[in-house]
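Using our numbering, read the sequence shown as starting at 1252 and increasing by one per residue.
Right, one structure below, let's go through it.
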Amino acid sequence: MNKAVIGLQWGDEGKGKIVDFISEDFDLVVRYQGGNNAGHTVIVDDDTYKLNLIPSGVIRGKKCFLGQGVVLDPNHFYTEYNQIRKKIDDPKIYLSSNISLILEYHKQLDIINESILNSEKKIGTTSKGIGPAYQDKVGRKSIKLYDLKSRNRIEEKLYSIKKFYDPILDSFNESKINVDQTVSDLLNFYDSVKELIVDNSLIKKEFKNKKILFEGAQGALLDLDHGSYPYVTSSNTVSSNIVIGSALQVEYITVGIFKAYSTRVGNGPFPSELFDDIGNYIAEKGLEIGTVTKRKRRCGWLDLVSLKYSCEINRVKELCMTKADVLNDLSEIKLCKSYNSNKYENINFSESDILESLSLVDSDFEVFQSWGNFNDLNKFETLPDNLKKYITYIEDYLNIPIKIISLGPERNQTIIR
Ligand code: GDP
Ligand code: IMO
Ligand code: MG
């Protein structure tokens, strides 16, 4: 059966590690949304791979497809593709011809957008031009990969884009759109990657009845419609976007992935956030530094209330928990099980003011005793009892089995049940 690995928190749950781990059994690995705001780190023996756009299945030599829901920065893709070619022999990457491009002015607009907000209202974007690129897609202005076949077509689109955006760029002292330079860059880019560009129909035909693995980017709580708006990314990260973003009308099982604690990079509500030494300790031990922007990730206890919501909106059938090893040395580990009461149905997760105003009390947390270090990483049965209690509590609360437990960044630090 096809599978989708979807982040259930605010991103960085370990999607890259798990996609690499399970991709062995699949024929094609697909990204269907987001862009190079994503940072998926995969460690294999002595090699560390930091992937932003290319699906993590590439490391095992799997065929990889970037669907039309992705926004693609040509310069970034070209660099990432060349880096991966140094490590992987003849990587097989397909790019949907219907992909919308991120151009220089999108990055300028991303920075302008942030600059006009008061400091406490800033989103804290990755500055990769993601929001403005999706705005152009919805506004029917995007330059698509298929446009790059024709100089006239690029020029025609760019001239109207220029008319629209130059006054804004100019008023913020940003350089205006340079049509000649952009056309020439895009034509060069097209020359280098045209063999990778395919029609969706070709992918559908070639991978009919083959096993497909979908790799989510970001997490459910950053979803444009379901997350804490406006502190979200600009794409739908939930699994129901897979069919639209990949154009592959296939069935799949959703594997929801979460860390044994919570992190968030950028601004926005975070009910179980820790502002004390424990939060700092988790950040340090968990190496919680953003891959894309090198910002320190905010840390907190695992929040089962929002996790339950994420499981529902993604129709999660199986769970994967990562990074419990980071909590090994803590004397107490807490789980957030309610927001002042158990009426989580009344919390609107897309209304950030309400979430922001929550202030959790002791009775909102279930407390677990230290589980210490563990040696045998291959079997669930031999894990410390206190860690097993933690896992069972989460499964019972969510009523979904945790089938994969990751206890370190390496492939062999993974338990399958
Ligand atoms: P993604 O964006 O969801 O792919 O996650 P990131 O790659 O941004 O962040 C996860 C980080 O944790 C990476 O550096 C992984 O190498 C690392 N990692 C993944 N699983 C585990 C785990 O079980 N334990 C520990 N300690 N690190 C892990
Ligand atoms: P992966 O795939 C964590 C966050 C940004 C910011 C918000 C909007 O590695 O889990 P954007 O640049 O997308 O407009 O920023 O979303 N964000 C992520 N946080 N992991 C990610 O991806 C993220 N991609 C975007 O920090 O708060
Ligand atoms: Mg990440």
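Glycine included, each C-beta is placed from N, C-alpha and C at the ideal position.
Those residues which DSSP pairs with residue i across a bridge
i, result
"residue 1553", "1586"
"residue 1347", "1449"
"residue 1275", "For residue 1275, which the question treats as bridged, DSSP gives no partner whatsoever."
"residue 1252", "For residue 1252, which the question treats as bridged, DSSP gives no partner whatsoever."
"residue 1434", "According to DSSP, which records beta bridges pairwise, residue 1434 is partnered with nothing at all."
"residue 1664", "In DSSP, residue 1664 forms no bridge with anything."
"residue 1464", "1254, 1280"
"residue 1570", "1507, 1653"
"residue 1270", "DSSP output for residue 1270 lists no bridge partner at all."
"residue 1607", "Its beta-bridge partners do not exist; DSSP assigns none."
"residue 1616", "1587"
"residue 1478", "Per DSSP, none; premise fails for residue 1478."
"residue 1285", "1321"
Residue i beta carbon near the ligand MG (any heavy atom closer than 6 Å)
i, result
"residue 1290", "yes"
"residue 1542", "yes"
"residue 1263", "yes"
Near the ligand IMO: residue i beta-carbon under 6 Å from a heavy atom
i, result
"residue 1386", "no"
"residue 1293", "no"
"residue 1382", "yes"
"residue 1534", "no"
"residue 1468", "yes"
"residue 1374", "yes"
"residue 1643", "no"
"residue 1488", "no"
"residue 1484", "yes"
"residue 1517", "yes"
Residue i beta carbon near the ligand GDP (any heavy atom closer than 6 Å)
i, result
"residue 1267", "yes"
"residue 1377", "no"
"residue 1601", "no"
"residue 1474", "no"
"residue 1514", "no"
"residue 1577", "yes"
"residue 1553", "no"
"residue 1547", "no"
"residue 1418", "no"
"residue 1660", "yes"
"residue 1247", "Residue 1247 lies beyond the stretch modelled for the chain, which goes from 1252 to 1668, so this question has no answer here."
"residue 1657", "yes"
Inspect the CB distances between the segment 1607 to 1624 and the segment 1578 to 1589 and report whether three or more fall short of 8 Å. yes
Could you tell me which whole alpha helix (DSSP H) segments of length 4 or greater appear in the segment 1499 to 1559? 1528 to 1536
Per the contact definition of three or more C-beta pairs closer than 8 Å, is the segment 1548 to 1561 in contact with the segment 1457 to 1468? no
At least three beta-carbon pairs within less than 8 Å, the segment 1313 to 1320 to the segment 1565 to 1572: no
Completely contained beta strand (DSSP E) runs for the segment 1290 to 1365, where each covers 3 or more residues: 1291 to 1295, 1298 to 1302, 1314 to 1317, 1344 to 1347
For a minimum of 4 consecutive residues, which ranges assigned as the alpha helix (DSSP H) are wholly contained in the segment 1369 to 1417? Scanning the segment 1369 to 1417 from its first residue to its last, the whole alpha helix (DSSP H) runs of 4-plus residues come out as 1381 to 1389.
Cβ contact (3+ pairs, closer than 8 Å) linking the segment 1471 to 1479 and the segment 1252 to 1267: yes
Three or more C-beta pairs under 8 Å: does that hold for the segment 1486 to 1499 against the segment 1532 to 1542? no
Those runs of the beta strand (DSSP E) which lie wholly inside the segment 1621 to 1666 and span at least 3 residues: 1653 to 1657
Give a yes or no on contact between the segment 1340 to 1360 and the segment 1377 to 1388, applying the rule of three or more CB pairs nearer than 8 Å. The segment 1340 to 1360, when compared against the segment 1377 to 1388, does touch it at the 8 Å Cβ threshold.
When the Cβ atoms of the segment 1356 to 1375 are set against those of the segment 1390 to 1406, are three or more pairs found closer than 8 Å? no
Is the number of C-beta pairs between the segment 1508 to 1522 and the segment 1324 to 1339 that are closer than 8 Å three or more? With a cut-off of 8 Å, the segment 1324 to 1339 and the segment 1508 to 1522 do not count as touching, because too few Cβ pairs lie within range.
Would the segment 1295 to 1306 and the segment 1418 to 1429 be scored as touching if the rule is three or more Cβ pairs under 8 Å? Contact between the segment 1295 to 1306 and the segment 1418 to 1429 is absent, because fewer than three Cβ pairs lie under 8 Å.
Should the segment 1336 to 1348 be called in touch with the segment 1361 to 1376, which here means at least 3 C-beta pairs below 8 Å? no
Would the segment 1602 to 1612 count as touching the segment 1516 to 1526 if we require 3 or more Cβ pairs under 8 Å? Yes, the segment 1602 to 1612 touches the segment 1516 to 1526.
Can we say the segment 1654 to 1664 touches the segment 1268 to 1276, given the rule of at least three CB pairs closer than 8 Å? yes
With a cut-off of 8 Å, do at least 3 Cβ pairs link the segment 1398 to 1405 to the segment 1431 to 1442? Below 8 Å, enough C-beta pairs join the segment 1398 to 1405 and the segment 1431 to 1442 to call them touching: three or more.
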